[in-house]
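Numbering (this note's numbering), first residue to last: 5 to 458.
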């Protein structure tokens, strides 16, 4: 599913899950090692365990199986292969209940693999705890699948047909016809193209404020006249009050949904993407937060009023803090990325940075910059979790961490961090998250539950 990017389309902010062994020259050239890995289909065929694998019976057997399966999954991308682990745990639940020792815990492994298993089910393409059809019915009952009249009129939709990303002036003129309380901006995404045939980077984003909920509605706009028309319309609804009783929410709740423009001789209809083209991606695979600051390509927001609206929209996004995903328990997604707090984590961080530089001052600066969770703590800002370190199926040459740390230099906001320091920071955050060669990354340790957390 795609949304705004950097208010991205919902697979518009994806991230890396780079393997180790990345040399300094690879980092300097921004090469990502996993680009040469086998495809997901190949891994599924060659590494998937037997569907009728025999269940382990002793504590030692289960401990060995657990380590072996995590090691196998870590060598790919986790998401493609962990569903087999969940199947095995489910099939062998009677044997697991008979284990006499508390030394083998499956709590984190079960919830993590269940999340991936669920997203592969035909009824859960959106990757939520609720079935896709039930989720659509929920959104429909709250009026969230119908766009405001100004954005769903045939006149407006047809005008987008006749507009390209090169027609910034025409788009900005159209924006000024909207409701005075709305904010709107046309821009070009820095990252990914739309998921439709248009492969467009041009976007028209409209912020529609309301008393109980706010809406962010984004239309893909084809980049030039030779490209196919864009079909995608992405929407994020931020609920500020309880829908049932109107009471204020302690945290805003976000509903994400991709819609699709269906064109015919009688006009243009807007319908849910997942029920029309029968496909979608789990929103959380790219959205670490439902809403993320818009950071357009330079010079693509030219109109002065649009620049004012862009600032206002980003300011509003910041005010939400870390909004909750509807239908998702974020604890299923693994440990926090950039949470270097323990002595063991600190030593690993220092070792990684020193593998690239002997400059003590730079070592200290980079290591101190690895405390992402001091701000991304789930309250002030969204947490960075496993999906901040995962390969993106739409554009493997880009990812959220690299974009914000190395390219845009927006995170961390430290002008003292040099370009070389940022490249080292990026690589060492990846290694801190996952060490598939020795199972010593934060993710592997969380899955192994070496400290017997349940």
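From the three backbone atoms N, C-alpha and C, an ideal C-beta is built for every residue, glycine too.
Query raised in the report: Out of curiosity, what's the CA-to-CA distance linking residue 324 and residue 183?
Result: Locating residue 324 in the chain shown gives position 320, where the first residue counts as 1. Locating residue 183 in the chain shown gives position 179, where the first residue counts as 1. Whole-angstrom Cα-Cα distance: 22 Å.
Requested in this report: Give me whichever residues DSSP pairs with residue 253 in a beta bridge.
Outcome: Within the chain shown, the letter at position 249 stands for residue 253. DSSP lists no partner for residue 253.
Query raised in the report: When the distance is taken between beta carbons, is residue 254 closer than 8 Å to residue 225?
Result: What you label residue 225 is simply residue 221 of the chain shown in a count that begins at 1. What you label residue 254 is simply residue 250 of the chain shown in a count that begins at 1. Between residue 225 and residue 254, the gap from beta carbon to beta carbon reaches 8 Å or more.
Query - Range of the contiguous alpha helix (DSSP H) that encloses residue 118 - result: Locating residue 118 in the chain shown gives position 114, counting from the first residue. Unbroken alpha helix (DSSP H) run through residue 118: 111-123.
Query - alpha helix (DSSP H) segment containing residue 238, residue limits - result: Your numbering for residue 238 matches position 234 in the chain shown. Not the alpha helix (DSSP H): residue 238 falls in the beta strand (DSSP E), residues 236-245.
Report task. Take every Cβ of the stretch 276-290, pair it with every Cβ of the stretch 127-138, and state whether three or more of those distances are shorter than 8 Å. Result -> These segments touch.
Query raised in the report: With burial defined as no fewer than 16 other Cβ atoms inside 10 Å of the residue's Cβ, what is the status of residue 540: buried or exposed?
Result: Because the chain spans 5 through 458 in this model, residue 540 falls outside it and cannot be assessed.
Query raised in the report: So, using beta-carbon positions, are residue 262 and residue 236 closer together than 8 Å?
Result: Counting from one through the chain shown, the residue named residue 262 turns up at place 258. Counting from one through the chain shown, the residue named residue 236 turns up at place 232. By the CB criterion at 8 Å, residue 262 and residue 236 fall inside the cutoff.
Query raised in the report: Among 218, 387, 350 and 77, which one has its Cα closest to the Cα of residue 291?
Result: Translated into the one-based positions of the chain shown, residue 291 becomes position 287. With respect to the C-alpha of residue 291, the residue from 218, 387, 350 and 77 having the closest C-alpha is 387.
**Report entry** Proximity of residue 287 and residue 356 at Cβ, strictly below 8 Å
**Finding:** Position 283 of the chain shown, counting from 1, holds the residue named residue 287. Position 352 of the chain shown, counting from 1, holds the residue named residue 356. At the C-beta level, residue 287 and residue 356 stay beyond 8 Å of one another.
Query - Sequence-distant residues of the same chain with beta carbon closer than 6 Å to residue 264, five excluded per side - result: To locate residue 264, count along the chain shown from 1; it is residue 260. Correct list, in chain order: 235, 275, 277 and 280.
Query raised in the report: Between which two residues does the alpha helix (DSSP H) containing residue 367 stretch?
Result: Within the chain shown, numbered from 1, the residue matching residue 367 stands at position 363. Its alpha helix (DSSP H) spans residues 364-372.
Report task. Can you tell me the Cβ-Cβ gap for residue 199 and residue 155, rounded? I've got them flagged as a contact below 8 Å. Result -> Along the chain shown, one-based indexing puts residue 199 at 195. Along the chain shown, one-based indexing puts residue 155 at 151. Not a contact, Cβ separation roughly 20 Å.
Requested in this report: Counting only the same chain and skipping the five closest in sequence on each side, list residues whose C-beta sits under 7 Å from that of residue 213.
Outcome: On the chain shown, residue 213 is found 209 positions in, with the first residue counted as 1. Same-chain partners within the cutoff: 185.
Query - Opening and closing residue of the beta strand (DSSP E) in which residue 273 lies - result: Position 269 of the chain shown, counted from the first residue, corresponds to residue 273. Per DSSP, the unbroken beta strand (DSSP E) holding residue 273 starts and ends at 271-276.
Query - Own chain partners of residue 445 with C-beta closer than 6 Å, once the 5 adjacent residues on each side are dropped - result: Within the chain shown, the letter at position 441 stands for residue 445. The answer, listed in chain order, is 437, 438 and 439.
Query - Selection from 318, 334, 311 and 302 that minimises the alpha carbon distance to residue 289 - result: Start at 1 with the first residue of the chain shown, and residue 289 comes out as number 285. Looking at the Cα atoms, 334 is the closest of the given residues.
Report task. Measure the alpha-carbon distance for residue 385 versus residue 379 and round it to whole angstroms. Result -> Stepping through the chain shown from its first residue, residue 385 is reached at position 381. Stepping through the chain shown from its first residue, residue 379 is reached at position 375. Approximately 6 Å between the Cα atoms of the pair.
Query raised in the report: Starting from residue 140 and walking both ways along the alpha helix (DSSP H), at which residues does that stretch end?
Result: Translated into positions along the chain shown, residue 140 becomes position 136. First-last of the alpha helix (DSSP H) with residue 140: 136-145.
Query - Cβ contact (3+ pairs, closer than 8 Å) linking the stretch 215-231 and the stretch 98-117 - result: No: fewer than three Cβ pairs fall under 8 Å.
Query - Between the CA atoms of residue 434 and residue 165 - distance to the nearest angstrom - result: Along the chain shown, read from residue 1 onward, the residue named residue 165 stands at position 161. Along the chain shown, read from residue 1 onward, the residue named residue 434 stands at position 430. Approximately 42 Å, taken between the alpha carbons.
Query raised in the report: From residue 177 to residue 191, what distance separates their C-alpha atoms?
Result: Here residue 177 refers to the residue found at position 173 when the chain shown is read from its first residue. Here residue 191 refers to the residue found at position 187 when the chain shown is read from its first residue. Each residue's alpha carbon lies about 14 Å from the other.
Report task. List the endpoints of the continuous beta strand (DSSP E) containing residue 221. Result -> In the chain shown, counting from the first residue as 1, residue 221 sits at position 217. Segment 217-225, the beta strand (DSSP E) holding residue 221.
Query - With 16 other Cβ atoms within 10 Å as the buried cut-off, status of residue 229 - result: For the purposes of this step, residue 229 is taken as the residue at position 225 of the chain shown. Flag for residue 229 reads exposed.
Query - residue 136 classed as buried or exposed, judged by whether at least 16 other C-beta atoms fall within 10 angstroms - result: Sequence index remark: in the chain shown, residue 136 carries index 132 (1-based). Note on residue 136: 16 or more other CB atoms within 10 angstroms of its CB, so buried under the neighbour-count rule.
Query raised in the report: Which residues in the same chain have their Cβ closer than 6 Å to the Cβ of residue 442, if we skip the five residues on either side of it in sequence?
Result: Taking the chain shown and counting its residues from 1, one reaches residue 442 at position 438. Correct list: empty, nothing qualifies.
Requested in this report: Rounded to whole angstroms, what's the CA-CA distance from residue 407 to residue 415? Just pull it up for me.
Outcome: Here residue 407 corresponds to residue number 403 of the chain shown, with the count starting at 1. Here residue 415 corresponds to residue number 411 of the chain shown, with the count starting at 1. Cα to Cα, residue 407 sits roughly 9 Å from residue 415.
Query - Span separating the alpha-carbon of residue 218 from that of residue 169 - result: As a working note, residue 218 is residue 214 in the chain shown. As a working note, residue 169 is residue 165 in the chain shown. Using only the alpha carbons, I get a separation of about 26 Å.
Query - Reduced DSSP secondary structure (H/G/I, E/B, other) of residue 37 - result: Start at 1 with the first residue of the chain shown, and residue 37 comes out as number 33. Low confidence applies here, because residue 37 scores a pLDDT of 31, under 50, leaving its location unreliable and the question unanswered by this model.
Query raised in the report: Cα-Cα, which of 202, 175, 423 and 320 is closest to residue 309?
Result: Position 305 of the chain shown, counted from the start, is the residue given in the question as residue 309. Nearest option by C-alpha distance: 175.
Query raised in the report: How about residue 111 and residue 448: do their beta carbons lie closer than 8 Å?
Result: As a working note, residue 111 is residue 107 in the chain shown. As a working note, residue 448 is residue 444 in the chain shown. Not a contact, by the Cβ cut-off of 8 Å.
Requested in this report: Could you pull out every residue in the same chain whose Cβ sits closer than 6 Å to the Cβ of residue 41, ignoring the five residues on either side in sequence?
Outcome: On the chain shown, residue 41 is found 37 positions in, with the first residue counted as 1. Summary for residue 41: the model assigns pLDDT 34, below 50, so the residue's position carries little reliability; its value from the coordinates is reported in the next sentence. A distance below 6 Å between beta-carbons, with the five flanking residues on each side excluded, links residue 41 to no residue of its chain.
Query - Buried versus exposed call for residue 196 [16 or more other C-beta atoms within 10 Å across all chains shown] - result: What you label residue 196 is simply residue 192 of the chain shown in a count that begins at 1. By the neighbour-count rule (16 or more Cβ atoms within 10 Å), residue 196 is buried.
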